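*Asks:* Below you'll find the structure I mean.
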Amino acid sequence: MRLAPGPLVSLSGRIRALWHVALGLRGRRLAWAALAAAVILVLPFWLADRPPISSRGRPTTGRFVGRSAPEATLAPTDYRAAAPEGTPAVPWARRVLRQATFDIELGDVEGAIARLTELVEAAGGYVADTQTHADGAGVLRATVTAYVPPAAFSRTVRDLEPLGRITARRIAGQDVSEEFVDLEARVRNLERHEAQLLGFMARAQKVTDLLALETELARVRGEIERLTGRLRFLRARTEMAAVRVNLVRVGAAAPAEGLLARARERVREAFVAGWQAAFDVAVGLAALAAQGSPLAVPAGLGWALYRRLRRQPASPPPAVTA
């Protein structure tokens with residue numbers, strides 16, 4: 013009897029087929045030998061189909077079990093759970109230094125200052141500095157420095173255009189986010205170092221150790237103060253955008269008045285320059301006299317000796333005897 017071709021689907025089917033083959037053989041001893049050979053041949057395949065003992069009774073999600081589950085997928089990993097404590101879940105805010113500078117020509121400087129103040133205060137900002145002066149030609153000039161929230165920066169810049177004729181405009185932005193984050197990390201590290209130094213000082217027993225620790229502690233605290241000051245500056249400058257406006261009044265003064273003003277200014281400058289030159293000469297002479305004062309005493313003694321020798325009469329020649 014021959015085995016039918018094709019795979020054997022189960023252990024019992026394989027053993028049954030081999031048993032029928034063994035029954036056809038002559039002799040009981042040959043039958044048991046064939047049965048033992050069948051068990052030896054089939055046992056490895058049966059063990060291969062069994063799951064490992066360590067995995068019995070456990071869920072197989074995300075694991076490959078033998079060769080029967082090649083399609084199993086790994087469970088997704090939650091990387092947020094592995095993040096260290098204190099790590100923010102949201103990205104840090106970007107910090108940008110914004111600044112705008114305008115040069116505007118107009119006819120009413122005082123009115124423009126009032127209008128600019130209204131625009132800045134309506135945007136939630138404030139005017140930090142206002143300077144007004146007249147130059148040598150009698151032209152009134154003013155400089156206004158204001159700060160507005162970053163959200164109102166673009167709107168404030170647009171509202172400046174109706175004030176007058178803009179002759180120069182500069183809008184700049186500097187991203188300091190990386191510097192800000194780096195400074196915060198350095199401050200945290202220095203604060204931890206400061207705490208360690210304080211712990212060492214509490215356990216130190218030698219005076220030399222205490223002095224060395226105090227020196228290092230003073231250095232660390234100074235560095236913390238410096239970095240903290242820089243952080244405060246960046247925080248304040250990024251929370252408000254700077255707007256600087258230079259105002260110039262045009263068309264208000266007549267040409268004759270401008271010429272007279274320039275002439276008066278030139279006369280005043282020449283008068284001041286003359287007195288300054290005379291004062292410089294007097295100071296130079298006084299300095300020269302002070303430098304030569306150590307030589308005055310020897311020079312006076314020499315002059316007195318010279319005068320005395322000059323006044324003495326010459327001695328008469330000796331008489332000649334015959």
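Residue numbering for the sequence shown follows the numbering used here, beginning at 13 and increasing consecutively. Just so it is clear, CB atoms sit at the ideal spot from N, CA and C, and this is done for glycine as well. Only a predicted model underlies this, so the values are computations on that prediction, with no experimental measurement involved.
1) Go through its chain and collect everything with a Cβ distance to glutamate 251's Cβ below 8 Å, but skip five positions before and after it.
2) Can you tell me whether DSSP reads arginine 231 as helix, strand or coil?
3) Which residue comes first and which comes last in the alpha helix (DSSP H) that contains aspartate 171?
4) Do the region 171-186 and the region 106-113 make contact, defined as three or more Cβ pairs closer than 8 Å?
5) Does the beta-carbon distance from leucine 195 to leucine 152 come in below 9 Å?
6) Which two residues bound the contiguous alpha helix (DSSP H) that contains alanine 197?
7) Can you grab the Cα-Cα spacing for the pair asparagine 350 / proline 174, in whole Å?
8) Pick helix, strand or coil for arginine 106, following the three-state DSSP scheme.
9) To which residues of the same chain is valine 262 closer than 6 Å at the C-beta, ignoring the five residues directly before and after it?
10) One question on the structure: do threonine 157 and valine 169 come within less than 9 Å of each other, judged by their Cβ atoms?
11) With a cut-off of 8 Å on the beta carbons, I'd call glutamate 235 and leucine 210 a contact; round off their distance for me.
12) Assuming arginine 107 contacts phenylalanine 192 under a Cβ cut-off of 8 Å, what Cβ separation, rounded to an integer in Å, is found between them?
13) Looking at serine 189: is its Cβ nearer than 9 Å to the Cβ of alanine 253?
14) Enumerate in chain order the residues of its own chain whose CB-to-CB distance from glutamate 226 is below 8 Å, with the five nearest sequence positions on each side excluded.
15) Between the C-alpha atoms of alanine 164 and arginine 247, what's the straight-line distance to the nearest angstrom?
16) What are the residues that DSSP puts in a beta bridge with isoleucine 52?
17) Grab the span of the alpha helix (DSSP H) containing alanine 316 for me, first residue to last.
18) CA-CA distance, leucine 128 and glutamine 303?
19) Ends of the beta strand (DSSP E) at leucine 131?
20) So, helix, strand or coil for valine 279, using DSSP?
21) Find the nearest neighbour of arginine 177 within the set Ala224, Ala134 and Val121, judged by alpha-carbon distance.
22) Starting from alanine 158, trace the beta strand (DSSP E) both ways and give me its first and last residue.
23) According to DSSP, is glycine 286 helix, strand or coil?
24) For leucine 175, report the span of its beta strand (DSSP E) as first-last.
25) Looking only at its chain, what residues have a beta carbon closer than 8 Å to the beta carbon of valine 232, apart from the 5 residues adjacent to it on each side?
26) Which residue wins for smallest C-alpha separation from aspartate 171, given the options Gly296, Ala135, Thr155 and Ala48?
27) How would you write the range of the beta strand (DSSP E) that aspartate 147 sits in, first residue to last?
28) So alanine 154 and threonine 142 are supposed to be a Cβ contact under 8 Å. How far apart are they, rounded?
29) Which residues in the same chain as valine 102 place their Cβ atom closer than 6 Å to its Cβ, once the five residues preceding and following it in sequence are excluded?
*Replies:* In brief:
1) Within the sequence shown, the letter at position 239 stands for residue 251. Excluding residues within five positions, the ones whose Cβ falls inside 8 Å are Pro161 and Pro162.
2) Along the sequence shown, read from residue 1 onward, the residue named residue 231 stands at position 219. Arginine 231 falls in the helix class under three-state DSSP.
3) In the sequence shown, residue 171 corresponds to position 159, counting from 1. Run containing aspartate 171: 165-171, per the alpha helix (DSSP H) assignment.
4) Touching, yes, given that three or more Cβ pairs across the two stretches are closer than 8 Å.
5) What you label residue 195 is simply residue 183 of the sequence shown in a count that begins at 1. What you label residue 152 is simply residue 140 of the sequence shown in a count that begins at 1. Cβ distance not < 9 Å, so leucine 195 and leucine 152 don't count as in contact.
6) Taking the sequence shown and counting its residues from 1, one reaches residue 197 at position 185. 189-215 is the extent of the alpha helix (DSSP H) around alanine 197.
7) Residue 350 cannot be examined here, being either before or after the span of the chain that is shown, 13 to 334.
8) Position 94 of the sequence shown, counted from the first residue, corresponds to residue 106. If DSSP states are grouped into helix, strand and coil, arginine 106 belongs with coil.
9) As a position in the sequence shown, residue 262 is number 250, starting the count at 1. Around valine 262: Glu117.
10) Here the question's residue 157 lines up with position 145 in the sequence shown. Here the question's residue 169 lines up with position 157 in the sequence shown. For threonine 157 and valine 169, no; Cβs fall outside 9 Å.
11) By one-based count along the sequence shown, residue 235 stands at place 223. By one-based count along the sequence shown, residue 210 stands at place 198. Going by Cβ atoms, the distance from glutamate 235 to leucine 210 rounds to 16 Å, so no, they are not a contact pair.
12) Here the question's residue 107 lines up with position 95 in the sequence shown. Here the question's residue 192 lines up with position 180 in the sequence shown. Confirmed, about 5 Å.
13) Start at 1 with the first residue of the sequence shown, and residue 189 comes out as number 177. Start at 1 with the first residue of the sequence shown, and residue 253 comes out as number 241. The answer is no: Cβ separation not under 9 Å.
14) By 1-based counting over the sequence shown, the position of residue 226 is 214. Cβ neighbours of glutamate 226 beyond the five flanking positions: Met213.
15) On the sequence shown, position 152 is the one that residue 164 refers to. On the sequence shown, position 235 is the one that residue 247 refers to. Answer to the nearest angstrom: the Cα atoms are 17 Å apart.
16) Position 40 of the sequence shown holds residue 52. Beta-bridge pairing links isoleucine 52 to no other residue.
17) Here residue 316 refers to the residue found at position 304 of the sequence shown. Where alanine 316 is concerned, the enclosing alpha helix (DSSP H) stretches over 308-323.
18) Counting from 1 along the sequence shown, the entry for residue 128 is found at position 116. Counting from 1 along the sequence shown, the entry for residue 303 is found at position 291. One C-alpha to the other measures close to 60 Å.
19) Taking the first residue of the sequence shown as 1, we reach residue 131 at position 119. That residue, leucine 131, is in no beta strand (DSSP E); its alpha helix (DSSP H) goes 121-134.
20) For this step, residue 279 is matched to residue 267 along the sequence shown. The answer is helix: DSSP assigns valine 279 an H, G or I state.
21) The residue you call residue 177 lines up with position 165 of the sequence shown. Residue Val121 is the option with its Cα nearest to arginine 177.
22) One-based indexing of the sequence shown puts residue 158 at position 146. Per DSSP, alanine 158 belongs to the beta strand (DSSP E) from 152-160.
23) Reading the sequence shown from its first residue, position 274 is the one you call residue 286. Reduced to three states, the DSSP call for glycine 286 is helix.
24) For the purposes of this step, residue 175 is taken as residue 163 along the sequence shown, with counting starting at 1. Looking at the DSSP string, leucine 175 is not in any beta strand (DSSP E), and its letter there is neither H nor E.
25) Residue numbering aside, residue 232 sits at position 220 when the sequence shown is read from its first letter. Hits under 8 Å: Leu202, His205, Glu206 and Leu209.
26) Taking the first residue of the sequence shown as position 1, residue 171 is located at position 159. Among Gly296, Ala135, Thr155 and Ala48, the Cα nearest to that of aspartate 171 is on Ala135.
27) Along the sequence shown, read from residue 1 onward, the residue named residue 147 stands at position 135. Segment: none, aspartate 147 is in no beta strand (DSSP E) and carries neither H nor E.
28) Here residue 154 is taken as the residue at index 142 of the sequence shown, counted from 1. Here residue 142 is taken as the residue at index 130 of the sequence shown, counted from 1. The beta carbons of alanine 154 and threonine 142 sit about 7 Å from each other, so the pair counts as a contact at 8 Å.
29) Counting from one through the sequence shown, the residue named residue 102 turns up at place 90. In this prediction, valine 102 has a pLDDT of 41, which is less than 50 and means its spatial position is unreliable; nothing more can be read from the coordinates.
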